[in-house]
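Residue numbers (my numbering): 323 to 1015. C-beta atoms are modelled at their ideal positions from N, C-alpha and C, and glycine is treated no differently. These notes are about the structure you will find just below.
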Ligand code: ADP
Ligand code: MG
């Protein structure tokens, strides 16, 4: 029996655990596991059920099982042809029946297990070969050190599956967890007892014990439900606190004036949709208050969010206040500049709109800064340069962030800090977010949903193109260009450095120009390109007929003459992102096409892409994406900071509703969470984390 020296506190780093190597500490770090507390709170994401130990004579091929017995033979060898390292062993149960064990490429097993060892093994039972013994391949194993003690601690029954990175195994993690488990009793519970009772949730210590070492599936589910509830609760409580603290800061009210909205409607150039009118009205009602608006405008691609923001800016202007709009890319900022001018210029002659981006000359930027600081301009549209250049406003009343998921919390905060009081704040999505997700992730905001497209759009004809039909896709591009139209070609998503992305896009561009479309005028944009805007302008003006772009430039550019969106490696993108690309075409009167090229022939991949051909509504697609690929994929791994467990729990919207109600009711009776010190500490930790992101 090994004597384990236990680290004394939950806050100790995992390196304090016995039998852990520095490399493992690093690996755990990649999974967000730094302290013993983190280790305990990270439950396995799934279990493999092997059932109670069985006799070999009871085993049937194809079933998962565990067996306890004695190793009667073990040897390692290398296969002659494929040079694979094999470890073979025989284990015999107490009745003497033998089971063959084979491990591939795990030569160390022959050093860990010896003839005569009493072991528990678990795995999938395979058919006997050449009439020999039944077999298990790559089984889990555990040496039972004390022969009197029959009960295996890690093998058999339920085997945990933890999230892993290279070099880790679920078994290793289970071993560390086992060492740390005695500390579970010291975990503080952030859920108040009353909440636990109302929702029949187990305490945190029990949840951790059951979650890592359940005896039944039911116990595991119980543990998970409790952990998910607690995590969502913490998040929602944090949101409630943020809402309260934002509401405590004064904002300058922007009184509603009918003549402003009348003028706006007259000058915008189209009839606002019902959804645009409703959401604009929701924003106006917020802006009239002395507490700052904090609203998310959630809408499909092309649903006309910009016009809503413009109406808000017009209202702010009429109250003598300035507005700022931040967009994620320069291309988009420039387009906004033109759009806002077009929407507002005619009806509001004194409303000056300026642009601030980093590629402008120093002199130009100085001029815009001065114009903002003096209060001369009513609206500044720009990129990150707005915060990097430290633009000051005479009287900022409204801050708008477009495609808000592309900005961190800190960047949004910096933008909002530009007013003398707190400006009203409007965030816009790039693609629609299902309601549950919006509530879970942006719970500190009120949500307005634009669920309607402007009339007169022809649906984009969408097709999945398999490799052998690639030529047909090129023919379509050529045909459309011949008709005077334009096309986008989006390069596959590669999760490498910008430099590699740029290189592969360049290679694709050169190949297309040389071999496929030598006679067409082509352009290339990628994140590294200095002349991005020139290329974009050339595309907007029609000079460039086929634009090759990387996913990095997935901007909301509006080129009504573009009718083909061809996406390479489409299977690598999420449905929401594909939908966003598709939204770039179909903006004019002509029939548009979206071509999803893929080398994938697996059924699930093709089925997923085929959803694009059938579903036009972005909200529905986002929900499908969520169902198929998981919530994390939809939100982008970067910013959500939520565990998979909590994400998974979001699939039941009722749970989130219950959590929100509990968080709200605590805040009502105890606005600073003084009676909930554990919860308060957890929130403080979380808010600190998110503000760094
Ligand atoms: P998104 O919500 O994707 O940001 P935009 O604001 O870019 O959408 O609008 C997409 C296009 O639709 C723009 O060309 C815009 O001028 C146009 N548009 C917006 N609202 C309407 C409307 N009510 N009727 C007609 N066209 C509209
Ligand atoms: Mg937009």
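Cα-Cα separation, residue i to residue j
i            : j           : result
residue 394  : residue 371 : 26 Å
residue 1043 : residue 408 : Residue 1043 falls outside the range modelled here, since the chain spans only 323 to 1015, and no answer is possible.
residue 666  : residue 617 : 22 Å
residue 461  : residue 389 : 10 Å
residue 429  : residue 825 : 41 Å
residue 582  : residue 689 : 29 Å
residue 995  : residue 784 : 52 Å
residue 997  : residue 984 : 15 Å
residue 721  : residue 639 : 12 Å
residue 708  : residue 692 : 13 Å
residue 505  : residue 620 : 44 Å
residue 592  : residue 602 : 15 Å
residue 885  : residue 518 : 56 Å
residue 431  : residue 349 : 22 Å
residue 551  : residue 515 : 13 Å
residue 964  : residue 652 : 30 Å
residue 815  : residue 894 : 6 Å
Option nearest residue i by Cα separation, candidates the options
i           : options            : result
residue 898 : 981, 931, 591      : 931
residue 861 : 802, 845, 379      : 845
residue 854 : 902, 656, 645      : 656
residue 670 : 695, 694, 641, 647 : 641
residue 859 : 778, 881, 841      : 881
residue 622 : 998, 851, 774, 779 : 774
residue 441 : 416, 450, 427      : 416
residue 357 : 612, 672, 335, 796 : 335
residue 696 : 682, 715, 684      : 715
residue 541 : 365, 727, 922, 890 : 365
residue 633 : 607, 717, 613, 764 : 607
residue 703 : 597, 764, 628      : 628
residue 520 : 981, 991, 990, 890 : 981
residue 951 : 965, 964, 382, 927 : 927
residue 588 : 664, 513, 522      : 664
residue 682 : 852, 948, 404, 551 : 852
residue 644 : 660, 672, 653, 652 : 672
residue 437 : 798, 594, 398, 550 : 398
residue 573 : 538, 611, 778      : 611
residue 808 : 915, 759, 575      : 915
Which residues DSSP lists as bridging residue i, in chain order
i            : result
residue 426  : 408
residue 399  : 408
residue 1073 : This structure does not reach residue 1073, given that the chain is present from 323 up to 1015, and the question cannot be answered.
residue 543  : None, per the DSSP bridge assignment.
residue 769  : 618
residue 447  : 458
residue 645  : 701, 720
Whether residue i touches residue j by CB criterion (8 Å)
i           : j           : result
residue 414 : residue 392 : yes
residue 729 : residue 650 : yes
residue 456 : residue 422 : yes
residue 762 : residue 919 : no
residue 905 : residue 624 : yes
residue 705 : residue 674 : no
residue 631 : residue 646 : no
residue 834 : residue 870 : yes
residue 901 : residue 967 : no
residue 739 : residue 767 : no
Contact test: residue i Cβ vs the ligand MN heavy atom, cutoff 7 Å
i           : result
residue 592 : Absent from the structure shown: the ligand MN. Ligands present: the ligand ADP and the ligand MG.
Which of helix, strand or coil DSSP assigns to residue i
i            : result
residue 343  : coil
residue 925  : helix
residue 947  : helix
residue 571  : coil
residue 961  : Because the pLDDT of residue 961 is 47, which lies under 50, any placement of that residue in the model is unreliable, and the number read from its coordinates should be weighed accordingly. DSSP places residue 961 in helix when its eight states are reduced to three.
residue 464  : strand
residue 491  : coil
residue 564  : helix
residue 628  : helix
residue 932  : helix
residue 587  : helix
residue 700  : coil
residue 533  : helix
residue 676  : strand
residue 915  : strand
residue 1013 : Because residue 1013 carries a pLDDT of 48, less than 50, the predicted location of this residue cannot be relied on, and no value is offered for it.
residue 850  : coil
residue 753  : coil
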